[in-house]
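The sequence shown: position 36 = 134 (the numbering used here), numbered continuously.
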Amino acid sequence: MTEQNAQEPTMEEILASIRRIISEDDAPAAEAAAEPDAAPTPEPAPEPAPVAEAAPAPEEPAPVEEDVLELTDTYEEPAAETIGDLDVTPEPEPVSESVFAPEPVEVATPEHPSVPTPVGEGLVGDTAAASAASAFAGLASTVRKPDPIETGTGVGPTVDELARALLKPMLKEWLDANLAGIVEAQVQKEVERIARNAG
């Protein structure tokens, strides 16, 4: 592992090489043109820096003077040229409002137009609907209110009447909580049975 590290250039060596190439590119073209025939001299390999030393701070390039308009500078408009009695100043192009107006959005039409379902047709045929209605009518006739039980003694409610009165709210609560699930399960079971028989 240490042999590989010794053969690979260090970060400092790579940076020094890059700086050297940049400084060579910045040399005036006249010096380069004066020595086109001369063979380039090989540069000595830089010595690896000791590990204990800190890396030298990167050199900051000298600031380049540019023609920058500072916010504190005043802007002077160039003088208008005149040709004869005409002023030759380019007029700014008027900006039309359509440049800032949003482009109209196209509304996508569905590929397949929706097919209206006929109002008279249902999911179930007439015979199946009639048989289901008769089944519900038969169920309703069996679940009718029981006839009131006559009290024989007249002294007070019987134990049977007390039990009904106490059980009625508990039965109602249980049916409210569980009846929907029971009906759904039975309907699903029946639909699966019919589907198996049909297929």
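Glycine included, each C-beta is placed from N, C-alpha and C at the ideal position.
Closer than 6 Å by C-beta to residue i: which residues in its own chain qualify, once you throw out the five before and the five after it? Chain order, please.
i, result
"glutamate 288", "none"
"alanine 227", "none"
Applying the 10 Å Cβ sphere with the 16-neighbour rule, what's the burial state of residue i?
i, result
"alanine 128", "Confidence at alanine 128 is low in this model, with a pLDDT of 45, below 50, so its placement is unreliable and no value can be given for it."
Judging by CA-CA distance, which residue of the options is the nearest neighbour of residue i?
i, options, result
"glutamate 234", "Val281, Ala261, Val253 and Glu204", "According to the sequence provided, residue 234 is phenylalanine. The question's glutamate does not apply to it. Nearest option by C-alpha distance: Val281."
Between residue i and the rest of its own chain, which residues show a CB-CB distance below 7 Å, the 5 nearest in sequence each way excluded?
i, result
"leucine 237", "none"
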